[in-house]
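See below for the structure under consideration.
Residue numbers (our numbering): 350 to 531.
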């Protein structure tokens, strides 16, 4: 499955987040559901959030009989307005930050902050790190994230080249870990 995800250009989230790392986890988008299922485990309940009914239906149909089915769910909600009853330990941003209009990024950071438990952790896959204008995806840089996350209450923990990048993205993406601090 991981090899298929990489061929399709998916993040291979199973390798990015070790199973013992978190109890309640939210990858921001479902797309086809690969990352949601790959990251789900007995130690980690994963909520796949998306606004696309068709993406959610396809993912639910594809993975309904998965042996991991009791460790994940798919939810149709708008990331910017959704406020669940239970907050998250960890959120993984793979495609939302680079896909939204740059002027929406402060609202993204505020929503992100409101979804976390105290000391929650955000992992951002910074992509695309490029000089190309236009989008989506819109180019990103270290300062792009710092400018919106630090003011709302996140502290940078680590940043590294993504060791799981597919060949076409080598050098164009990084993994950045953030901690909610207030």
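Every residue gets a Cβ at the ideal spot worked out from N, C-alpha and C, and that includes glycine.
Note that the structure is a prediction, hence the values are computed from the model and not measured.
Item to check | For residue 393, the residue or residues it bridges with in DSSP | outcome: 390
Checklist entry - Are the stretch 440-460 and the stretch 404-418 in contact at 8 Å, needing three or more beta carbon pairs? => result no
Checklist entry - Could you give the distance in angstroms between the alpha-carbon of residue 496 and the alpha-carbon of residue 432? => result 24 Å
Next on the checklist: Quick check: what's the CA-CA separation for residue 409 versus residue 505?
Outcome noted: 34 Å
Next on the checklist: Give me the residue from 524, 402 and 434 with the minimum Cα distance to residue 494.
Outcome noted: 524
Checklist entry - Given that a residue counts as buried once 16 or more other Cβ atoms are within 10 Å of its Cβ, and exposed if not, what is residue 469? => result buried
Checklist entry - Count the other CB atoms within 10 Å of the CB of residue 472; is the residue buried (16 or more) or exposed (fewer)? => result buried
Checklist entry - residue 388: which of 447, 376, 458 and 399 sits nearest, CA to CA? => result 376
Checklist entry - Beta carbon of residue 475, beta carbon of residue 449: below 9 Å? => result no
Checklist entry - So what does DSSP say about residue 471, is it helix, strand or coil? => result strand
Next on the checklist: Buried or exposed, going by whether 16 or more other CB atoms sit within 10 Å of the CB of residue 516?
Outcome noted: That one is exposed.
Next on the checklist: Let me check one thing: in DSSP terms, what residues is residue 424 bridge-paired to?
Outcome noted: 398
Item to check | Among 400, 502 and 391, the one whose alpha carbon lies nearest that of residue 424 | outcome: 400
Item to check | Exposure of residue 529, with buried meaning 16 or more beta-carbon neighbours within 10 Å | outcome: Here residue 529 is buried. Its C-beta has 16 or more other C-beta atoms within 10 Å.
Item to check | Same chain only: Cβ atoms within 6 Å of residue 531, ignoring 5 sequence neighbours per side | outcome: Closer than 6 Å at Cβ, skipping near neighbours: 502.
Checklist entry - What's the C-alpha gap between residue 489 and residue 499? => result 16 Å
Checklist entry - Is DSSP giving residue 455 helix, strand or coil here? => result helix
Next on the checklist: Using CA atoms only, rank isn't needed, just tell me which of 518, 464 and 379 is closest to residue 373.
Outcome noted: 464
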